[in-house]
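Undergrad: Starting off with a structure, shown below.
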Amino acid sequence: MISKTNEKVKDAFDFFIKKFQLDVTILIFPLTKKQQKDYPSAVFLIVQSERKLEDKTLFFIYFNEKTINKLTDDAIKKHAFHEVLHIFTWDFTNEFAETLKYVKDKSLKDELEKRHIDLRENVVYRMERKLGKFILGKKISDIIDP
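The numbering of the sequence shown is the numbering used here, which starts it at 482 and goes up by one.
Here's what the structure looks like:
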């Protein structure tokens with residue numbers, strides 16, 4: 482039986498998959514204890530299938546059940562939107578990770594990886610702010626997390 486929280490999360494992600502006509506499959510799970518420890522402030526955590534290039538359309542969505550239960554449906558949708566936008570950048574992420582394999586200097590590799598993560602988040606935040614009004618019907622900044 483699917484929990485009410487799991488269902489709310491699934492509904493939020495299904496909304497965007499349908500809206501953007503994404504050819505992806507998502508599987509939804511509560512955060513593991515280790516993930517909760519590693520990402521204490523996470524609402525969602527999105528991970529591409531371990532098969533990466535062999536199956537680029539399968540994503541695992543992990544959610545923080547305690548946090549989700551405190552959020553409004555609009556706030557859940559806002560956070561889901563952010564994660565869905567990551568799906569749009571995933572091909573770049575995979576390609577960049579493949580390229581990094583050829584960088585031998587560890588400090589350079591670490592710096593490039595750090596910059597890549599920062600850039601990816603900034604691109605997603607920019608897309609979220611610019612597109613949120615059109616997709617969600619209101620500015621992202623107007624959707625308050627309780």
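Here a beta-carbon is modelled for each residue, glycine too, at the ideal position from N, C-alpha and C. From a predicted model like this one, the values you see are computed outputs, not experimental measurements.
Helix or strand or just coil, what does DSSP make of residue 548?
TA: helix
Undergrad: Decide if residue 613 is buried, meaning its Cβ has at least 16 other Cβ atoms within 10 Å, or exposed.
TA: buried
Undergrad: Output the boundary residues of the alpha helix (DSSP H) element that contains residue 616.
TA: Note, residue 616: alpha helix (DSSP H), 587-617.
Undergrad: So what does DSSP say about residue 553, is it helix, strand or coil?
TA: coil
Undergrad: Relative to the C-alpha of residue 543, which residue among 604, 606, 565 is closest?
TA: 565
Undergrad: Give the secondary structure of residue 539 by DSSP, where H, G and I count as helix, E and B as strand, and everything else as coil.
TA: strand
Undergrad: Opposite residue 570 in the DSSP bridges: which residues?
TA: Paired residues: none, contrary to the question.
Undergrad: Which of the three DSSP states is assigned to residue 502 in this structure?
TA: Residue 502 carries a coil assignment under DSSP once its states are collapsed to helix, strand and coil.
Undergrad: Bridge partners of residue 507, per DSSP?
TA: 540
Undergrad: How many whole angstroms separate the CB atoms of residue 567 and residue 605, which I take to be in contact at a CB cut-off of 8 Å?
TA: 6 Å
Undergrad: With H, G and I counted as helix, E and B as strand and the rest as coil, what does DSSP make of residue 512?
TA: The three-state reading of DSSP puts residue 512 in coil, since its state is none of H, G, I, E or B.
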